[in-house]
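**Q** One structure, pasted below without further comment.
Residue numbers (the numbering used here), protein chains in the order written: chain A, 144 to 523; chain B, 144 to 523.
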């Protein structure tokens, strides 16, 4: 099939931002309401409750007007003091960001460096936790730069035995990979709007446990806009200390309605099934998975030797209207391909993506072995 | 005239957020694009150039995914070091926020406390500047909590003679009150999306002068998400270090197109004319202006003795669909009324607001002297 007019409608298959469904875009375009009103507070209250279902937590969720990195910084500066020691389980560009932020604030960091494409080994974490006393342990659920899924459940069990709090960047993993914030002993779980929540970027979320609040009482790092104490105080009235990202929160009410109608487990199931389908196709093409323990939010795959990943992405975008992502950091740029299949992405979107991808690979002299599988012929 | 169905369409006459015009809302609802693309960079480049016209500056404008307070914090933590001394010209809740932020970071603050409703006196500032050596001077163009307009031009001239940088919160004043960032020696001018830029909240802007950059080189306060050095580096490629508020930036391209088509001076002129009309009406009703030196972004007026301002706002909203704002801080709550007339607000909107307001005042036993002026009869 040749690219048609319809197919050139841009299709986001990146691991965030993700496509925003029409009803959510319509909500974004509604006339703006004022945030210091009962109407807004009622929406914010509903949204906050629904987010608790998504995070699987009974703890309050705090909402920031910022992108995910702002929430990661919030997860550091509220719970620590100068000279405190933390452990970072760094397996890619985003979990490494915790290190960068902590260092900017004079925090002493031990780092368990995990080779890109691998997940943190709970055994190694267990050993490391006996070597020093940490105030907090940081890692990611899905490491977006490599597509790896960490075993948050096992690591949470280990951290829970210590005085450290466990802070997890669940920005790209949320709603795609199972996460049981409370049951898995995650003290601070971080999310953002532009992934499986199907919204534009601009709002970020933190679920905060009582153990984390106890750490916050001791915290002496300077903070203002990201000071969770202010958010906790105003949250009693379903208010925020600073002007919230009103349009995104109102649209979030709509996307959460869609999400909870389907159900959280059903979302996990759908992402797992799309991930399985993606891997079956790419495997059939002889492409090697990059992560050893892959997330369901996205698939990261090694490109065949000799294929220029940047050129591939450029052609895919220009000729087929399909946006996938390349590698980030540590020499991965141009070498791996990352395909998002969370949020509003459906099978037909992936089929369109594979169709374009197979053709670009052929164009670049790497025809897909066995051609494009018949079952995946795009018929629509 | 009785409130009609049409009139109950909510009307935002608050000093932010302000109404978002339909073409801008349509842009907000466009399919999301990815931010690491030439398409987005081209939009961001155009937007950044247009913002320079709005700020009247040749200096680059940095864009944050945050609300205005995040940019105010950015305006402190990038340019100072622990123990540095600053001068804050505090004339209301928002200029006082600079004090709160600075104190959270261990900055030594001298404060020129100006009675609410008054503007900073350049003579007093001149004297204060001889008493100590400051790293920076902070104030607001329009102090949103009182509706006062500071004489930024005169103060800028005084600060320019010293080593201090001059940081101005122009969040509500931008595009409503004249501001010549470069000519008036403003080193850091701060704006946000939800005022005269006619957008939802979620993006904030800083115009940064070379003098401010020199201060930033010395700055030793901890920062990451708000670290302008990161933004400056990425701005070379019209990129941002962290995920931007994509939908707001794309809609900003549309609102800036509308704004620059009309022209910056024309916007100032329209706000001045709407402010004049508002004051004529309220004056005719015998209501006293609250600020001595009023901004054109908004009108703050004293309520008649015995009128419960909170009740008034409630009825106005419920029965007429009109949102105005009450007082903030320092015992002003319930005592003053603030009416926004910046951005997309037009004469007909204000007429609808006055119509509702006059009726609610009558309901509360304070009929408008001489009734509702005939010329303002709402006919549409």
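No residue lacks a Cβ here, since even glycine has one placed at the ideal position from N, Cα and C.
Could you check whether the Cβ of residue 209/A sits closer than 9 Å to any Cβ belonging to chain B?
**A** Residue 209/A counts as touching chain B.
**Q** Given that residue 244/A touches chain B, what residues does it touch there, using C-beta distances under 7 Å?
**A** Neighbours of residue 244/A on chain B, chain order: 367.
**Q** Should residue 512/A go down as buried or exposed, given a rule of 16 or more other Cβ atoms within 10 Å for buried?
**A** Classification for residue 512/A: exposed.
**Q** From what residue to what residue does the alpha helix (DSSP H) around residue 326/B run?
**A** Here residue 326/B belongs to no alpha helix (DSSP H), and DSSP marks it neither H nor E.
**Q** Taking 8 Å as the threshold, find out whether the segment 453-468 of chain A comes into contact with the segment 153-169 of chain A through three or more Cβ pairs.
**A** As far as the Cβ criterion goes, the segment 453-468 of chain A touches the segment 153-169 of chain A, which means the pair count is three or higher.
**Q** Can you pull the DSSP bridge partners for residue 334/B?
**A** In DSSP, residue 334/B forms a bridge with 348/B.
**Q** Please report whether the beta-carbon of residue 460/B lies at a distance below 9 Å from any beta-carbon of chain A.
**A** Interface residue, yes.
**Q** Can you tell me where the alpha helix (DSSP H) holding residue 458/A begins and where it ends?
**A** Element bounds for residue 458/A: 452-463.
**Q** Hey, out of 478/B, 306/B, 181/B and 178/B, whose CA is closest to residue 449/B's CA?
**A** The residue with the shortest Cα to Cα distance from residue 449/B is 478/B.
**Q** Identify whether residue 251/A lies in helix, strand or coil by the three-state DSSP scheme.
**A** In this structure, residue 251/A counts as strand in the three-state DSSP scheme.
**Q** So what's residue 179/B in DSSP terms, helix, strand or just coil?
**A** Coil at residue 179/B, not helix or strand.
**Q** Per DSSP, which residues does residue 312/A bridge with? Please list them.
**A** Beta-bridge pairing links residue 312/A to 283/A and 333/A.
**Q** Going along the chain, which residues of the segment 484-507 of chain B sit with their C-beta nearer than 9 Å to a C-beta in chain A?
**A** Here the close residues number zero.
**Q** Would you verify that the beta carbon of residue 175/A is, or is not, closer than 9 Å to some beta carbon of chain B?
**A** Yes, because at least one Cβ of chain B sits closer than 9 Å to the Cβ of residue 175/A.
**Q** When you compare the CB of residue 391/B with every CB in chain A, is at least one pair closer than 9 Å?
**A** So, interface residue.
**Q** Are the C-beta atoms of residue 153/A and some chain B residue less than 9 Å apart?
**A** Yes, residue 153/A lies at the interface with chain B (some Cβ there is under 9 Å from its Cβ).
**Q** Give me, in chain order, the residues of the same chain whose beta-carbon lies closer than 6 Å to that of residue 377/A; leave out the 5 immediate sequence neighbours on both sides.
**A** So the list reads 383 and 384, once near-sequence residues are dropped.
**Q** With DSSP as the reference, identify every bridge partner of residue 319/A, one or two as the case may be.
**A** BP columns for residue 319/A are empty, so no partner.
**Q** Report yes if the CB atom of residue 232/A is closer than 9 Å to the CB atom of residue 439/A, and no otherwise.
**A** The answer is no: Cβ separation not under 9 Å.
**Q** Does the Cβ of residue 476/B have 16 or more other Cβ atoms within 10 Å, making it buried, or fewer, making it exposed?
**A** Burial call: exposed.
**Q** Below 8 Å, can you find three or more Cβ-Cβ pairs linking the segment 204-214 of chain A to the segment 421-436 of chain A?
**A** Not touching, per the Cβ criterion.
**Q** Closer than 8 Å is the cut-off here; do at least three beta carbon pairs connect the segment 190-205 of chain B with the segment 321-328 of chain B?
**A** These segments touch.
**Q** Could you give the residue range of the beta strand (DSSP E) that holds residue 219/B?
**A** Here residue 219/B belongs to no beta strand (DSSP E); instead the alpha helix (DSSP H) covers 211-220.
**Q** Name the chain A residues whose beta carbon is nearer than 8 Å to that of residue 343/B?
**A** The answer, in chain order, is 175, 388, 389, 390 and 391.
**Q** Step through the CB atoms of chain A and report whether any lies within less than 9 Å of the CB of residue 324/B.
**A** No, no contact with chain A.
**Q** Here's the rule I'm using: 16 or more other beta-carbon atoms within 10 Å means buried, otherwise exposed. How should residue 343/A be labelled?
**A** With 16 or more Cβ atoms within 10 Å of its Cβ, residue 343/A is classed as buried.
**Q** Note down, in chain order, all residues in the segment 275-288 of chain A with a beta-carbon under 9 Å from any beta-carbon belonging to chain B.
**A** Those residues of the segment 275-288 of chain A that come within reach of chain B (Cβ to Cβ, closer than 9 Å) do not exist; the list is empty.
**Q** In three-state terms, what does DSSP make of residue 523/A?
**A** Because residue 523/A carries a pLDDT of 34, less than 50, the predicted location of this residue cannot be relied on, and the following value inherits that uncertainty. Residue 523/A: coil per DSSP, three-state reduction.
**Q** What residue from 298/B, 178/B, 161/B and 162/B has the CA that sits closest to residue 389/B's CA?
**A** The shortest Cα separation from residue 389/B among 298/B, 178/B, 161/B and 162/B belongs to 178/B.
**Q** In three-state terms, what does DSSP make of residue 275/A?
**A** Residue state, collapsed to three classes: coil.
**Q** Rounded to the nearest angstrom, what separates residue 314/B and residue 313/A at their Cα positions?
**A** Cα-Cα distance, rounded: 33 Å.
**Q** Helix, strand or coil for residue 468/B? Go by DSSP, reduced to three states.
**A** Three-state result, residue 468/B: strand.
**Q** According to the Cβ coordinates, are residue 329/B and residue 362/B closer than 9 Å?
**A** Taking 9 Å as the Cβ cut-off, residue 329/B and residue 362/B do not qualify as a contacting pair.
**Q** How far does the beta strand (DSSP E) with residue 441/B in it reach, from first residue to last?
**A** Segment 441-445, the beta strand (DSSP E) holding residue 441/B.
**Q** Which one of 289/B, 347/B and 369/B has the shortest CA to CA distance from residue 386/A?
**A** Of 289/B, 347/B and 369/B, the residue nearest in Cα terms is 347/B.
**Q** Using the beta-carbon of each residue, which ones in chain D are nearer than 8 Å to residue 199/A?
**A** The structure shown contains no chain D; its protein chains are A and B.
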